[in-house]
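Protein chains in written order, with my numbering: chain R, -10 to 222; chain Y, 10 to 378. Please read the structure below before turning to the comments.
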Amino acid sequence: MRVDWLPPEAQSAVLLSLKVSLTATLVSLPLGLLVAHALARWRFPGRQILNGIVHLPLILPPVVTGYLLLLTFGRQGPVGAWLYDWFGITLAFRWTGAALAAGIMAFPLMVRAMRLSIEAVDPKLEQAAATLGAARPWVFATVTLPLILPGVVAGAVLAFAKAMGEFGATITFVSNIPGETQTLPSAIYAFLQVPGAEGAALRLVLVSVAVAMAALAVSEFVAGRIARRVAGR
Amino acid sequence: MTLEVALRHRFGRFDLDVAFQAPAGVTALFGPSGAGKSTLVNAVAGLLRPDSGRIVVDGWTLLDTASGCWLPPHRRRVGYVFQEGRLFPHLNVRQNLRYGRWFAGLADGEDFGHVVELLGLGHLLSRRPAALSGGEKQRVAIGRALLAGPRLLLMDEPLAALDEARKTEILPYLERLRDDTAIPILYVSHSLSEVGRLATTVVALDRGRAVRVGPAAEVLADPDAVPALGLREAGSILTGRVVAQHADGLTELEVSGGRLFLPRMEAAPGARLRVRIAAQDVILSRERPVGLSALNVLAGEVAALRPGKGPGVLVQLRIGQESLLARVTKRSAEALRLAPGVACHAIAKTVSVAPADIGAAAAGRDAGG
């Protein structure tokens, strides 16, 4: 492969997208697991409201989500100002902001996959673990978690794929700054705006397809192996 | 070692109000479905929080609503064998067996090997639950509960999901558990045959109430308890010592009121056996019968009579130190002029005793009613 098969700004967009998506997935993983467990197993007032909030990014126009993020996490926004004053953290127009936007957009997909797998675990097994002396956190760690691992992997890969493709909320919240916030979809969009750059755009599209297919294959492989181990075959 | 249970719980139209005390051994909770057996066991395990009550195992209080004490399930040290086993599918047999030991702070001592041997699990240790038969799964479930070092074992119809052959395979293990360990067992069943084999104490439940509580031999031979236990299956248990194994396939048992010939039961001479004799298989005769094919004739006297709603009557006989229940017609009872105190012979065919109704008896326990 020739080095200039992809222009430098396209290469940095691919690397940035991988970084943004991995960060978004890994950071939201424990939170997603907690929310999925709460929605599947706990009974508390406001459960439906939590469910609605989690699903909001799925149904709102991404531009709206991006704008709400800007209002909340921008330098003047309530959370953004607090983060800056206390920790010196800025999210708007930074790659970390892109990760936040991608994570929030991918969150409902991750939670849905995990919630389904948690609901598929027989609570009677968790009861059995409790009678054998396991307190709640141990029941989760030794029975629930191993049994839902295929669902967790599926949810994480789905979230990663969604984060790789996130465009609307990202460009609204962190704009399209090459080298800082220009992710793969933003770069494709930018190349399409420039006459004569269709070739680079097409190559980025191919990269995008390849990454998505690879993620799917890895997820199928890992989930299949875990499922076989869990089923004891 | 005692078990003290007093519970009140209401949900929907079901109302549970039960109180009993039981000594060591197997306490059988017996009754039809919907009697409240599983509710009671779940309350003992802590999986259900009753409206009010008190549960004490050998001085260890699991629940006392009067003083606001409620131990969560994981701190109760109660081994629970569920009807469906509930083995962890992602762990192999050895890991399943060890699961509770870590939480109980128990090392892999020699009792691990002892339980594995007691339940015949040695060749299964590296298998996954998916590769086990129904009977094997249930044995692993029993071992898992036992190895967690419980102060009390709960068994909720552990044999109900198994076929006859598997039941016959597991019952001897449960008898060894009862006779070899000091752990009290609360055993839920709706099979009188199982109760007859295993129970030290019987608690008969009906619609949320304990209608009868007492030593197994006493309750099972009590005509007044039969309506709660079920007329068809009613039968009493006799306990005795093997005196001979005969070449023609019979086992001779000495009970307190005479000798019994039973279908072959593998047991060394001197071993103690208990046998359940169905009330409807017993024939009564005032005279000692002659020229009869039935091998078992026991002399005794009538202790009580209880006429049923239909044509039948239940007769309780004193045979030596034990009680035997017979079910005959009112017409026969009148013809024989049966009344309390009347001498009478009980006749039981050897072949009418099912092999499943003969089992081991603990030495020194269950001796007579």
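Ideal Cβ positions, reconstructed from N, Cα and C, are used throughout, including at glycine.
Listed by position along chain Y, the residues whose Cβ is nearer than 7 Å to that of residue 119 of chain R are 82, 83.
Selection Y/17, Y/27, Y/128 evaluated against residue 181 of chain Y yields Y/128 as nearest (Cα-Cα).
Taken through DSSP and simplified to helix, strand or coil, residue 290 of chain Y comes out as helix.
Sorting R/200, R/169, R/180 by C-alpha distance to the C-alpha of residue 5 of chain R places R/169 at the top. Cα atoms of residue 157 of chain R and residue 193 of chain R: separation of roughly 18 Å, rounded to the nearest angstrom.
Contact of residue 148 of chain Y with chain R by beta-carbon distance below 7 Å is absent, the smallest such distance being about 16 Å. Under the three-pair Cβ rule at 8 Å, the stretch 85 to 99 of chain R does not count as touching the stretch 123 to 135 of chain R. Distance from the CA of residue 146 of chain Y to the CA of residue 94 of chain Y, rounded to the nearest whole angstrom, comes to 6 Å.
Residue 20 of chain Y is outside the set of residues whose beta carbon lies under 8 Å from a beta carbon in chain R. In the DSSP assignment, residue 175 of chain R falls outside any beta strand (DSSP E) and within the unbroken alpha helix (DSSP H) covering 173 to 182. Annotated as proximal: residue 208 of chain Y and residue 225 of chain Y, with beta-carbon spacing under 8 Å.
At least 8 Å separates the beta-carbon of residue 279 of chain Y from that of residue 324 of chain Y. Below the 7 Å Cβ cutoff, chain R contributes 121, 122 as neighbours of residue 109 of chain Y, in chain order. At a cut-off of 4 residues, the continuous stretches assigned as alpha helix (DSSP H) that sit fully inside the stretch 65 to 142 of chain Y are 102 to 113, 119 to 127.
In this structure, residue 58 of chain R lies near residue 90 of chain R, with their beta-carbon atoms less than 8 Å apart.
In the DSSP assignment, residue 20 of chain Y falls within the unbroken beta strand (DSSP E) covering 12 to 20. Bridge partners of residue 220 of chain Y according to DSSP: none are assigned. From the beta-carbon of residue 182 of chain R, no residue of chain Y is found nearer than 9 Å; the closest lies around 52 Å away. The alpha-carbon separation between residue 306 of chain Y and residue 177 of chain Y amounts to approximately 28 Å. Under the three-state reduction of DSSP, residue 159 of chain R is assigned to helix. The continuous stretches of beta strand (DSSP E) do not include residue 255 of chain Y, and DSSP gives it neither H nor E. In the DSSP annotation of this structure, the continuous segment of the beta strand (DSSP E) that includes residue 25 of chain Y starts and ends at 23 to 31.
Chain order gives the chain Y residues near residue 135 of chain R as 99, where near means a beta carbon separation below 7 Å.
The beta-carbon distance between residue 215 of chain Y and residue 40 of chain Y, rounded to whole angstroms, is 6 Å. This is short enough to meet the 8 Å contact definition. Residue 164 of chain Y has Y/90, Y/196 as its beta-bridge partners, per DSSP. Taking a cut-off of 8 Å for Cβ pairs, the stretch 272 to 288 of chain Y and the stretch 353 to 370 of chain Y touch, as three or more such pairs fall below it. Secondary structure at residue 165 of chain R: coil, using DSSP grouped into helix, strand and coil. Closer than 8 Å to the CB of residue 125 of chain Y there is not a single CB belonging to chain R. Proximity of chain R to residue 106 of chain Y at the Cβ level (cut-off 8 Å) is not reached, the minimal Cβ distance being about 10 Å. Taking C-beta atoms under 8 Å as the contact rule, residue 16 of chain Y and residue 62 of chain Y qualify, at a distance of about 4 Å. Between residue 291 of chain Y and residue 335 of chain Y, the gap from beta carbon to beta carbon is short of 8 Å.
A residue is called buried once 16 or more other Cβ atoms fall within 10 Å of its Cβ, and residue 331 of chain Y is buried on that count. Residue burial is scored here from C-beta neighbours: residue 350 of chain Y has fewer than 16 other C-beta atoms within 10 angstroms and is therefore classed as exposed. Secondary structure of residue 227 of chain Y (DSSP, three-state): helix.
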